[in-house]
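Chemist: Mind having a look at this structure? Questions to follow.
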């Protein structure tokens, strides 16, 4: 059994945790401001799809153009980071739509979030069948054009880990963070103190779209090399569970995401592991490990964690 | 006036969906009017068209009711998909084990069943299995919410993945006919088959898989209505959905109602298995659902969580599902995924208009 634990497992844990860290930090901003973010899954998909399409199209464009030798070495990076930026923009736009529904129209946030998720199952499939004549997946991208690795770790993973202290600083040490937390706990008091509650919530939700989409982009142009339908496979929800487990705090978010990343990483050595009988463990049992653990962890820890007080409650100014 | 207010927001949502969808279709490069003509115009031309449309509507009525009952208790059941997977497999299992299934394994006959029950026992047993299996899978997130307070949306999503994986495991390793390239079980016994509507309506072709499960769906609409509005249990369930703390103050246990609502919801979702396993393919086929569990959420929202509304909304989405096949085949670029986009826009608009329609 010990051969399962290896250096490779550590690297796999980092890889699996990366999209979760992005999404959970995104969810943290939204939920700390009082807006539930069930839409993380859809926001990730928006980032993943847009990034895959943009990177591939930039690659295509570059092969058609005759690039001068001074630019040519940077061409793959331009494609990869161009994809990441485009994905992030798509996430921000979609999150803004979600914010309008939740904040302006006071929609049921869980229902609207689910709508965003469904939209991001259908829309990429619709567009990819037009672009590439394939419902659900985009063209394969060459390895050189993906987000690059440094020392065996993807740049997006470095970015995710770097974001944790940054988000901590923003949340606890800046006026923006203070106002954000106030709005999520007691919007009326924050309003009375002169904080623009709705504007702050819009900012927080859009920020969550940016971060979740970056996590999605990592999936399509970092971890794998194309977009496939529903490729997030519940990661947006696992990120939410991590957020709850972390009690909506950034450092703990990192630890929770590493835990869930570890459970996903375990699936690789476990699916190759041979039982005493010489058989492998059926892939279906290995696949469900992260999902089962998510349920168990939620059941065990949710009672200990306290959500932001105004979470899920639309705010309307007293007249 | 009350009815007008009730149907106003669904109507606006549908119109909005077609406007947004039309813009997307035009941007993609097809004619929106021609596309929508294909989408809505292929469900009424003949008995065959109507039969297929009602066949698509049947599972949507079940999942729509399932989601609506949970909604009435203030819960969003995104787990109908997993519940109907578990139910469909369990139903096929009973249909094999008690239906006298004999399987041809590489030329050798093997008896896979324990006994051969007559139709009069086997069909009710199979239907009961569908309800109980779906109900159990629905009860799990209900219990988790009631006991630990963990959110049903996350748990039902996780349980969907778990259900689909487990059912695929049992199918692949134990109930697939060896040599079969498709992930599906052995066929259920013939005694478990339920009649198709084509037997009663002259002119309806035999191959239209519309079965008496559709009548069961109508019956469930009536029963859910009676349960929710004419019984004490339904009143208590709705009271929790309206205001859980007020209900608790009034002596109703929200925890108990949450478990009851999720169990009923799962049972209703499980009934999808009746039409699929007993009336359509006569076996468990692993990719059967086409995400009708998720579509049930749009059906319930558009139907304003009322059985009559659910019925109408299910017909609406059934028309789109049938039309989607024609859109796939006869437009240049647009695929049937358009239906999912329309579904999403409907959900977003119904959710956004909720507050306006309450005033």
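Residue numbers (our numbering), protein chains in the order written: chain A, 3 to 321; chain B, 10 to 368.
By construction, the Cβ of each residue, glycine as well, lies at the ideal position given by its N, Cα and C atoms.
Please list the partners that residue 286 (chain A) has in chain B, where partner means a Cβ-to-Cβ separation under 7 Å.
Modeler: Position 284 of the first chain, counted from the first residue, corresponds to residue 286 (chain A). Near residue 286 (chain A) (Cβ distances below 7 Å), the residues of chain B are 174, 175, 177, 178.
Chemist: Given that residue 40 (chain B) touches chain A, what residues does it touch there, using C-beta distances under 9 Å?
Modeler: Residue numbering aside, residue 40 (chain B) sits at position 31 when the second chain is read from its first letter. Correct list: empty, because the minimum Cβ distance to chain A is about 14 Å.
Chemist: With DSSP run on the structure shown, which of helix, strand or coil describes residue 193 (chain B)?
Modeler: By one-based count along the second chain, residue 193 (chain B) stands at place 184. Strand.
Chemist: Alpha carbon to alpha carbon, how far is residue 112 (chain A) from residue 40 (chain A)?
Modeler: Residue numbering aside, residue 112 (chain A) sits at position 110 when the first chain is read from its first letter. Residue numbering aside, residue 40 (chain A) sits at position 38 when the first chain is read from its first letter. Distance between the alpha carbons of residue 112 (chain A) and residue 40 (chain A) is about 6 Å.
Chemist: Are at least three pairs of beta-carbons, each pair with one atom in the stretch 107-126 of chain B and one in the stretch 45-58 of chain B, less than 8 Å apart?
Modeler: Cβ pair count under 8 Å is below three, so no.
Chemist: Quick one: is residue 368 (chain B) buried, meaning 16 or more other Cβ sit within 10 Å of its Cβ, or exposed?
Modeler: Locating residue 368 (chain B) in the second chain gives position 359, counting from the first residue. The predicted model places residue 368 (chain B) with a pLDDT of 43, which falls under 50 and marks its position as unreliable; any figure quoted below should be read in that light. Exposed.
Chemist: From the DSSP output, in three-state form, read off residue 228 (chain A) for me.
Modeler: What you label residue 228 (chain A) is simply residue 226 of the first chain in a count that begins at 1. DSSP places residue 228 (chain A) in coil when its eight states are reduced to three.
Chemist: Please report the straight-line C-alpha distance between residue 226 (chain A) and residue 170 (chain B), rounded to a whole angstrom.
Modeler: On the first chain, residue 226 (chain A) is found 224 positions in, with the first residue counted as 1. On the second chain, residue 170 (chain B) is found 161 positions in, with the first residue counted as 1. Going by the C-alpha atoms only, they are around 21 Å apart.
Chemist: My parser needs the alpha helix (DSSP H) runs of 4 or more residues fully inside the stretch 70-148 of chain B; what are they?
Modeler: List check, alpha helix (DSSP H) in window: 89-106.
Chemist: Ignoring anything shorter than 4 residues, give me the alpha helix (DSSP H) runs that lie fully in the stretch 166-249 of chain B, in order along the chain.
Modeler: Runs found: 222-239.
Chemist: Using a Cβ-Cβ distance under 8 Å, would residue 116 (chain A) count as near chain B?
Modeler: Here residue 116 (chain A) is taken as the residue at index 114 of the first chain, counted from 1. At least one chain B Cβ lies under 8 Å of residue 116 (chain A).
Chemist: Which bits of chain A does residue 220 (chain B) rub up against, with CB to CB less than 7 Å?
Modeler: Residue 220 (chain B) sits at position 211 when you count from the first residue of the second chain. Per Cβ cutoff of 7 Å: no residues; residue 220 (chain B) is ~28 Å from chain A at best.
Chemist: How about residue 293 (chain B) and residue 97 (chain B): do their beta carbons lie closer than 8 Å?
Modeler: By 1-based counting over the second chain, the position of residue 293 (chain B) is 284. By 1-based counting over the second chain, the position of residue 97 (chain B) is 88. Going by C-beta atoms, residue 293 (chain B) is nearer than 8 Å to residue 97 (chain B).
Chemist: If the cut is a Cβ gap below 7 Å, which residues of chain B does residue 109 (chain A) touch?
Modeler: As a working note, residue 109 (chain A) is residue 107 in the first chain. Those are 360, 361, 363, listed as they occur along chain B.
Chemist: Using the Cα positions of residue 281 (chain A) and residue 269 (chain A), report the straight-line distance between them to the nearest angstrom.
Modeler: Within the first chain, the letter at position 279 stands for residue 281 (chain A). Within the first chain, the letter at position 267 stands for residue 269 (chain A). Whole-angstrom Cα-Cα distance: 16 Å.
Chemist: Here's the rule: buried if 16 or more other CB atoms are within 10 angstroms of the residue's CB, otherwise exposed. What is residue 70 (chain A)?
Modeler: Your numbering for residue 70 (chain A) matches position 68 in the first chain. Residue 70 (chain A) comes out exposed.
Chemist: Could you name the residues of the same chain whose beta carbon sits closer than 6 Å to that of residue 287 (chain A), not counting the 5 residues immediately before and after it, in chain order?
Modeler: Numbered from its first residue, the first chain carries residue 287 (chain A) at position 285. Around residue 287 (chain A): no qualifying Cβ.
Chemist: Pull out every residue of the stretch 227-240 of chain A whose Cβ sits closer than 7 Å to any Cβ of chain B, in chain order.
Modeler: For the stretch 227-240 of chain A, which is checked against every Cβ of chain B, the residues closer than 7 Å are 236, 239.
Chemist: Apply the 10 Å Cβ neighbour rule to residue 208 (chain B) and answer buried if 16 or more other Cβ atoms are within range, or exposed otherwise.
Modeler: Position 199 of the second chain, counted from the first residue, corresponds to residue 208 (chain B). Burial call: exposed.
Chemist: Shorter than 8 Å from the beta carbon of residue 293 (chain A) to some beta carbon of chain B?
Modeler: If you number the first chain from 1, residue 293 (chain A) lands on position 291. By this cut-off, residue 293 (chain A) is an interface position.
Chemist: Just to make sure I have the definition right: I need the residues of chain A whose C-beta is within less than 7 Å of the C-beta of residue 357 (chain B). Which are they?
Modeler: For the purposes of this step, residue 357 (chain B) is identified with residue 348 of the second chain, where counting begins at 1. Those within 7 Å of residue 357 (chain B) in chain A are 103, 114, 117.
Chemist: Excluding the 5 residues flanking residue 193 (chain A) on each side, which residues of the same chain have their C-beta closer than 6 Å to its C-beta?
Modeler: Position 191 of the first chain, counting from 1, holds the residue named residue 193 (chain A). The answer, listed in chain order, is 199.
Chemist: With the cut-off set at 8 Å, would you say residue 267 (chain A) and residue 11 (chain A) are in Cβ contact?
Modeler: Along the first chain, read from residue 1 onward, the residue named residue 267 (chain A) stands at position 265. Along the first chain, read from residue 1 onward, the residue named residue 11 (chain A) stands at position 9. It is a contact, given that the beta carbons lie within the stated cut-off.
Chemist: Buried or exposed for residue 310 (chain A), please, with buried defined as at least 16 other CB atoms from any protein chain shown within 10 angstroms of its CB.
Modeler: For the purposes of this step, residue 310 (chain A) is taken as residue 308 along the first chain, with counting starting at 1. Looking at its Cβ environment, which holds 16 or more other Cβ atoms inside 10 Å, residue 310 (chain A) is buried.
Chemist: Classify residue 272 (chain A) as helix, strand or coil using the three-state DSSP reduction.
Modeler: To locate residue 272 (chain A), count along the first chain from 1; it is residue 270. Helix.
Chemist: Since residue 237 (chain A) and residue 21 (chain A) are thought to touch, with beta carbons under 8 Å apart, how far apart are those beta carbons, to the nearest angstrom?
Modeler: Within the first chain, numbered from 1, the residue matching residue 237 (chain A) stands at position 235. Within the first chain, numbered from 1, the residue matching residue 21 (chain A) stands at position 19. Between residue 21 (chain A) and residue 237 (chain A) the Cβ distance is about 6 Å, and since that is below 8 Å, they are a contact.
Chemist: What residues of chain A sit near residue 153 (chain B), judged by a beta carbon separation below 8 Å?
Modeler: Mapped onto the second chain, residue 153 (chain B) falls at position 144. Result: 297, 300, 301.
Chemist: List, in order along the chain, the chain A residues whose C-beta lies closer than 7 Å to that of residue 124 (chain B)?
Modeler: Locating residue 124 (chain B) in the second chain gives position 115, counting from the first residue. By Cβ distance, chain A contributes nothing, its closest Cβ being about 29 Å from residue 124 (chain B), past 7 Å.
Chemist: Going by the beta-carbon positions, is the gap between residue 69 (chain B) and residue 282 (chain B) smaller than 8 Å?
Modeler: For the purposes of this step, residue 69 (chain B) is taken as residue 60 along the second chain, with counting starting at 1. For the purposes of this step, residue 282 (chain B) is taken as residue 273 along the second chain, with counting starting at 1. Not closer than 8 Å, so no.
Chemist: Which residue or residues does DSSP assign as beta-bridge partners of residue 282 (chain A)?
Modeler: Here residue 282 (chain A) refers to the residue found at position 280 when the first chain is read from its first residue. Answer is A:276, bridged to residue 282 (chain A).
Chemist: If you draw a straight line from the alpha carbon of residue 176 (chain A) to that of residue 184 (chain A), how long is it in whole angstroms?
Modeler: Position 174 of the first chain, counted from the first residue, corresponds to residue 176 (chain A). Position 182 of the first chain, counted from the first residue, corresponds to residue 184 (chain A). Distance between the alpha carbons of residue 176 (chain A) and residue 184 (chain A): 12 Å.
Chemist: Using beta carbons (cut-off 8 Å, strictly below), is residue 159 (chain B) in contact with chain A?
Modeler: Taking the second chain and counting its residues from 1, the one referred to as residue 159 (chain B) is at position 150. Yes, residue 159 (chain B) lies at the interface with chain A (some Cβ there is under 8 Å from its Cβ).
Chemist: Where residue 130 (chain A) and residue 350 (chain B) are concerned, what is the direct C-alpha to C-alpha distance, given to the nearest angstrom?
Modeler: In the first chain, the residue the question calls residue 130 (chain A) occupies position 128. In the second chain, the residue the question calls residue 350 (chain B) occupies position 341. Residue 130 (chain A) and residue 350 (chain B): Cα-Cα distance of roughly 14 Å.
Chemist: Does chain A have any CB closer than 8 Å to the CB of residue 352 (chain B)?
Modeler: Numbered from 1 along the second chain, position 343 holds the residue referred to as residue 352 (chain B). Yes, residue 352 (chain B) counts as interfacial toward chain A.
Chemist: Return the Cβ separation of residue 286 (chain B) and residue 73 (chain B) in integer angstroms, given the expectation that the two are a contact with Cβ distance under 8 Å.
Modeler: As a working note, residue 286 (chain B) is residue 277 in the second chain. As a working note, residue 73 (chain B) is residue 64 in the second chain. Residue 286 (chain B) to residue 73 (chain B), Cβ: 20 Å. No contact.
Chemist: At least one CB of chain B closer than 8 Å to the CB of residue 289 (chain A): is that the case?
Modeler: The residue given as residue 289 (chain A) occupies position 287 in the first chain. Yes - at least one Cβ of chain B is within 8 Å of the one on residue 289 (chain A).
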